[in-house]
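A short worksheet on the structure shown next.
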Amino acid sequence: GTYTDENASYAREDAIKCIVTALADPNSFLLDPLLELKPVRFLEGEVIHDLLTIFVSEKLSSYQKFYENHKEFVHS
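Each residue of the sequence shown is one higher than the last, beginning at 321 in the working numbering.
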């Protein structure tokens, strides 16, 4: 559905599912637009948003560091 400023914060679960699905899809290469979605922006500061940001704009070394610090999260 469409989210407004008023209800975007309630779309947390949808945003998490969206990120997880995109990251798990081997055919998804363009992830930048996800960062512009209001519900995804509400996740800033959370581990899932950090992971998305790494996939969008960081290098492998950043992911490796993230993985070392969040192994349980990555495997969940």
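Cβ coordinates follow ideal geometry from the N, Cα and C atoms, glycine included.
Predicted model only: the values in this text are computed from it and were never measured.
Contacting residues, own chain, Cβ-Cβ under 7 Å from residue i (five flanking each side not counted)
i: Phe375; result: Leu343, Leu351
i: Tyr383; result: Ile374
Spatial neighbours of residue i in its chain, beta-carbon cut-off 6 Å, leaving aside the 5 residues before and after
i: Leu363; result: Ala335, His369
i: Tyr323; result: Ala331, Lys358, Pro359
i: Val394; result: Tyr387
i: Ser348; result: Ala342
Nearest residue (CA-CA) to residue i, options the options
i: Asn389; options: Ser377, Glu378, Lys379, Leu371; result: Leu371
i: Arg332; options: Pro346, Leu357, Ser348; result: Leu357
i: Lys337; options: Lys385, Ser382, Leu354, Asp325; result: Leu354
i: Ser329; options: Lys379, Lys391, Arg361; result: Arg361
i: Ile339; options: Glu366, Asn327, Lys379, Lys391; result: Glu366
DSSP-derived helix/strand/coil call for residue i
i: Asp345; result: coil
i: Leu357; result: coil
i: Thr324; result: coil
i: Leu351; result: coil
i: Phe362; result: coil
i: Glu378; result: coil
Span of the alpha helix (DSSP H) around residue i
i: Lys391; result: 391-395
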